[in-house]
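J.: Numbering (the numbering used here), first residue to last: 1 to 188.
1. Have a look at residue 30 and residue 20 and give me their C-alpha separation to the nearest angstrom.
2. Write down every uninterrupted run of the alpha helix (DSSP H) in the segment 59-105 whose length is 4 residues or greater and which is fully enclosed by it, in chain order.
3. At 3 residues or longer, what runs of the beta strand (DSSP E) sit wholly inside the segment 139-178?
4. So, for residue 43: in the same chain, excluding its five sequence neighbours on each side, which residues have a beta-carbon less than 6 angstroms away from its beta-carbon?
5. Below 8 angstroms, can you find three or more Cβ-Cβ pairs linking the segment 159-167 to the segment 74-82?
6. By Cβ distance, which residues of its chain are closer than 8 angstroms to residue 50, with the 5 residues on each side in sequence left out?
7. Less than 8 angstroms between the C-beta atoms of residue 53 and residue 6, yes or no?
8. On the criterion of 16 or more Cβ atoms from any shown chain inside 10 Å, does residue 1 qualify as buried, or is it exposed?
9. If you draw a straight line from the alpha carbon of residue 61 to that of residue 128, how long is it in whole angstroms?
10. Distance check for residue 12 and residue 143, CA to CA, integer angstroms please.
11. CB residue 3 to CB residue 57, shorter than 8 angstroms?
12. So which of 37, 88 and 154 has the shortest CA-CA distance to residue 103?
13. On the DSSP bridge list, what partners appear for residue 44?
14. Let's test the definition: count the other Cβ atoms within 10 Å of the Cβ of residue 46 and tell me whether it reaches 16, buried, or not, exposed.
15. Can you tell me the Cα-Cα spacing of residue 168 and residue 90, whole angstroms?
16. If you measure between the beta carbons of residue 25 and residue 38, is that distance less than 8 angstroms?
17. Using a Cβ cut-off of 8 angstroms (strictly closer), state whether residue 72 contacts chain D.
18. Taking the straight line between their C-alpha atoms, what separation do you get for residue 277 and residue 137?
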């Protein structure tokens, strides 16, 4: 049995190691006695997450897929052969560059791109799956059938200094997700 997880640093388990048995993907894997394929894109935009999904399903399969999208305004910047992830309030670029970049963005286009990714995944993934978002949704969304309605922010409780779940938060996320799998009859 194999479960594939797709998401950003919340799926990676930051600041803990991906191999840590107490991060939520590994807790779910243990609960179902399943192999875990953690296909995270640390700090990743939804484009990076979507790319991971496409590449994974071109060459692999699984028994269950869980997709947790990032904030819809996260994006990528391609410079020469490098891909950089950027988000509002990012510290990966000089502050004035981040502010200028987002000042010139079309927020509605980013939102539509987010929606397009969600609905494309409904067609790409043929195995049992559900999708959700790490951050609270800021706009109304026509959600797919098994959408996970809570964001990671709403489940995690107190956060680490880098804004990610503590171990207690990972346990909360795991418990909510197992209940969601039961409600949706997506049990393995």
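The C-beta atom is built at its ideal place from N, Cα and C for all residues, glycine as well.
T.: Walking through what the data contain:
1. 12 angstroms
2. 95-103
3. none
4. 9 and 85
5. Taking 8 angstroms as the limit for Cβ pairs, the verdict is that the segment 74-82 does not touch the segment 159-167.
6. Here residue 50 has 117, 120 and 121 as same chain residues with Cβ atoms under 8 angstroms from its own Cβ, once five neighbours each way along the sequence are excluded.
7. yes
8. exposed
9. 11 angstroms
10. Straight-line Cα distance between these residues: approximately 24 angstroms.
11. No.
12. In terms of CA proximity to residue 103, 88 leads the group 37, 88 and 154.
13. According to DSSP, residue 44 bridges with nothing at all.
14. buried
15. 26 angstroms
16. yes
17. Judged by its chain identifiers, the structure shown contains no chain D, having just a single protein chain.
18. There is simply no residue 277 to check, as the chain begins at 1 and stops at 188 in what is shown.
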